[in-house]
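The block underneath contains the structure these notes are about, expressed in structure tokens.
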């Protein structure tokens, strides 16, 4: 157990170090996130220029949603879904499979480390939001606590799904098309681009049956007090249940993938 924990911690550090090694990229990512935050604030305030609410949602909530969703999405949906495809192409996966911790655990830990390295971008977005009066605290203390728990579960769900999709690298060396499709679908369905309050009712019913909305939209519903205390607990239970299902799916896909692995390079 201790060896596994040490190995997992080492992979988290490795993920953070590999991301922070390219400091110029980190700086560009932070600047890009800040610019995106400013543009979102300007656009949403312009949308509400001549109206008080849109479908019952005021400008303050819309702007705050845009900032918070950007901060969370910066961690949940990184440019590179995981390091797995690159390691498969380079042949490094041969080393991964003989390590004391499993391939999935290694890559999930690596994703956590990369997310930790991406935290400056999310923090910068929040600072920009506060500076431009785009963020206010939730009305209830319990909402803040549930929000933190919900964001944590949502990120675990996102990283698990990212890694599951990355497993396609075991069947094809060109994963770009699959990644673009998945990223587009996940970004929209999670509410990272547009709040799901504004989508048609028939589409909302479809998204309720999928796990994407629980990654970003559900935590923000809790933050804004759009759901009651009891409903918030139900959302947390849904997230935990979906996370268990996604872990099982990842395990099944990984078992299948490791049977057909072809090592390149090396």
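Numbering (my numbering), first residue to last: 128 to 393. Ideal placement from N, C-alpha and C gives every residue a C-beta, glycine not left out. Just so it is clear, the structure is predicted and the values come from calculations on it, not from any experiment.
In angstroms with no decimal places, state the Cα-to-Cα distance between residue i and residue j.
i           : j           : result
residue 176 : residue 275 : 32 Å
residue 230 : residue 174 : 46 Å
residue 354 : residue 201 : 24 Å
residue 165 : residue 190 : 10 Å
residue 155 : residue 331 : 35 Å
residue 199 : residue 343 : 7 Å
residue 378 : residue 294 : 11 Å
residue 244 : residue 207 : 13 Å
residue 237 : residue 383 : 21 Å
residue 197 : residue 159 : 11 Å
residue 358 : residue 350 : 13 Å
residue 179 : residue 327 : 21 Å
residue 258 : residue 283 : 30 Å
Nearest by alpha-carbon distance to residue i: which of the options is it?
i           : options               : result
residue 234 : 212, 268 and 216      : 212
residue 281 : 252, 320, 302 and 345 : 345
residue 106 : 154, 192, 271 and 181 : What is shown of the chain runs 128 to 393, which leaves residue 106 out entirely.
residue 172 : 159, 192 and 155      : 192
residue 247 : 148, 385 and 157      : 157
residue 380 : 309, 288 and 313      : 288
residue 203 : 226, 269, 290 and 352 : 290
residue 241 : 138, 350 and 361      : 138
residue 210 : 142, 311, 298 and 371 : 142
Skipping 5 residues on each side, what residues in its chain have a beta carbon closer than 7 Å to that of residue i?
i           : result
residue 367 : 280
residue 161 : 251, 252 and 255
residue 365 : 341
Can you find the residues in the same chain that come closer than 8 Å, C-beta to C-beta, to residue i, ignoring five residues on each side of it along the sequence?
i           : result
residue 151 : none
residue 182 : 324 and 325
residue 194 : 164, 167, 168, 252, 253, 255, 256, 261 and 262
residue 340 : 316, 317, 318, 323 and 334
What do you reckon, is the C-beta of residue i under 7 Å from a heavy atom of the ligand SAM?
i           : result
residue 164 : This structure does not include the ligand SAM; it has no bound ligands of any sort.
Can you name, in chain order, every residue of its own chain whose Cβ lies under 6 Å from the Cβ of residue i, other than the five neighbours on each side?
i           : result
residue 220 : 214
Runs of beta strand (DSSP E) lying entirely within the segment 164-231, each at least 3 residues, in chain order: none
Uninterrupted alpha helix (DSSP H) stretches inside the segment 258-336 (no shorter than 4 residues): 268-293, 303-316 and 328-335
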